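Trainee:
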Amino acid sequence: PPATLELAISGMTCAACAARLEKVLNRLPGVDATVNFATERARLRYQPGLVLPEDLKQAVRRAGFEGIETG
Ligand code: 9UX
76 PPATLELAIS GMTCAACAAR LEKVLNRLPG VDATVNFATE RARLRYQPGL VLPEDLKQAV
136 RRAGFEGIET G
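Numbering (the UniProt record's numbering), first residue to last: 76 to 146.
1) How long is the line joining the alpha carbons of Thr145 and Ala108, rounded to whole angstroms?
2) I need the DSSP call for Leu82, collapsed to helix, strand or coil.
3) Rounded C-beta distance between Leu80 and Leu131? I'm assuming under 8 Å.
4) When the Cα atoms are used, what is the spatial distance from Asn111 to Leu103?
5) Give a yes or no on whether the C-beta atoms belonging to Ala138 and Val106 are separated by under 8 Å.
6) Take the Cβ of Ile143 as the centre, count every other Cβ of all protein chains shown within 10 Å, and call the residue buried at 16 or more, exposed below.
7) How many Å lie between Ala78 and Leu127 at the Cα?
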């Protein structure tokens, strides 16, 4: 079954940032992500056999943002 991860995202300064990050995350195998610019949160569903939470947080960092796990 899918697992969930919620991240507080810092560094998003315009709505396109959120759209860009969402695309980056959704390109990862087994990941379904939504990124909300207004709330500065990312909600992710992922297949634990395909990616790990560290991979998701690393992808956030590599995209130029910071993600803190909140759930
Ligand atoms: Mo907006 Mo974000 O012009 O990476 S896209 S600042």
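Ideal Cβ positions, reconstructed from N, Cα and C, are used throughout, including at glycine. Treat the numbers as computed from the prediction; the structure is a model and nothing was measured.
Mentor: Reading it off the structure:
1) 15 Å
2) strand
3) 6 Å
4) 18 Å
5) no
6) exposed
7) 10 Å
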